Amino acid sequence: MGAVLPLLALRAFTETARLGSLKAAAQRLGVTPGAISQQIRQLEDRLGVVLLVRGRHGVHLTEAGACLHPGLTRGFGHIESALAELEAKVHEQTLTISTVPSFASTWLVPRLADFSARHPEIEVQVEATARLVDFQRERIDIALRHGLGHYPGLESIPLLAPVLLPVTSPTLLANGPAIREPQDCLHYPLLQDADRADWDLWLQAHGVATDNSARRGPSFDEDLLLLRAAATGQGIALVQDNLAREDLESGKLVVALDKPWPARFAYYAVTRPESLRRPQVQAFIDWLKEATTDAL
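If you read the sequence shown in my numbering, its first letter stands for residue 120, the second for the next number, and so on.
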């Protein structure tokens, strides 16, 4: 037998023997049962012995297979331990941050250079997704989320409590009816959030009786899309002040009416309680607190 061992075939045999099933081994390795069977046949041809036999209740080890399997199990165990040790060492100096794309783009990413300058030894990875994080299964250190702060079993640190502002394109506002009172916004197309709730709540908060007209208009499931639609003159959008700040400063957007409304939701840094014991996690949260305080 040559010095180069068929690693995939050895792995296929080891998992099949451990699980007692070609199908289970295929699911474990992410391949088809046929591929597992082919790998085992190749290994048996290479070794010149039969390792497994099929029975009514799955597969069983032959004498040769029973001799080979313990050593392979220990070997793959050592490989997995070595990889896990390396991954833990690499991860120790890496922070993975999950947040929604709009907050990542307009608030977090423009400020990350400051954190990196203060902590050059910490590598930050940003995952921009609206998908909820499963801290038990995913290697996420901190999630920055917009909500009410109720995250059972997790630490939740309040950061920002933005207000909603009605914003639009300066061209649309200049060419349309004047907006002097909240109800005047109803003369324009209203750009909606995914729940079509914000305009209703904003108008009611300012004493305007609403009907279905406040819920009409194109809806967007991301604040970045709302901002782009407003900047291109498609209507008026209700967006968080911190997300609109850059476009307001550049002149792409203007405030249609200076009537900010404090929504109930805020931004929170969410993490596992045990993660707070990591100096890297605590350093990032301390920086977030300082950065959000300066942004107020």
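Ideal placement from N, C-alpha and C gives every residue a C-beta, glycine not left out. These numbers were taken from a predicted model, which means no experiment stands behind them.
Legend entry - Touching by the beta-carbon criterion (3+ pairs, under 8 Å), the region 235-253 and the region 182-197: no
Inset, instruction - Give a yes or no on contact between the region 306-322 and the region 348-356, applying the rule of three or more CB pairs nearer than 8 Å. - result: yes
Legend entry - Distance between Pro-271 and Leu-320 (C-alpha atoms, nearest Å): 28 Å
Legend entry - Segment contact flag, the region 379-397 with the region 265-281, C-beta cutoff 8 Å, min 3 pairs: yes
Legend entry - Proximity to Leu-344 [Cα-Cα], best of Ser-332, Trp-406, Ala-363: Ala-363
Legend entry - Same chain, Cβ closer than 8 Å to Val-358, five either side skipped, listed in chain order: Leu-283, Leu-284, Val-286, Asp-342, Leu-345, Leu-346, Ala-349
Legend entry - Bounding residues of the alpha helix (DSSP H) (the contiguous stretch that carries Thr-135): 126-138
Legend entry - Residue range of the beta strand (DSSP E) that includes Leu-141: Counting along the chain, Leu-141 falls outside any beta strand (DSSP E), though it belongs to the alpha helix (DSSP H) covering 141-148.
Inset, instruction - Reducing DSSP to helix, strand and coil, say where Pro-337 ends up. - result: coil
Legend entry - Per DSSP, the bridge partner or partners of Gln-311: Ser-338
Legend entry - For Arg-230, the nearest candidate out of Leu-395, Asn-361, Ala-143 (CA to CA): Asn-361
Inset, instruction - Would you tell me roughly how many angstroms separate the C-alpha atoms of Leu-191 and Leu-129, rounded to the nearest one? - result: 8 Å
Legend entry - Reduced DSSP category for Pro-285 - H, G, I as helix; E, B as strand; rest coil: strand
Inset, instruction - Closer than 8 Å by C-beta to Gln-212: which residues in its own chain qualify, once you throw out the five before and the five after it? Chain order, please. - result: Glu-240, Ile-241, Glu-242, Gln-399
Legend entry - N- and C-terminal bounds of the beta strand (DSSP E) containing Ser-369: Run containing Ser-369: none in the beta strand (DSSP E); it sits in the alpha helix (DSSP H), 360-369.
Legend entry - Simplified DSSP state of Val-400, which is helix, strand or coil: helix
Inset, instruction - May I have the straight-line CA-CA distance separating Asp-303 from Ser-275, to the nearest angstrom? - result: 39 Å
Inset, instruction - Determine the DSSP secondary structure at Thr-248, reduced to helix, strand or coil. - result: coil
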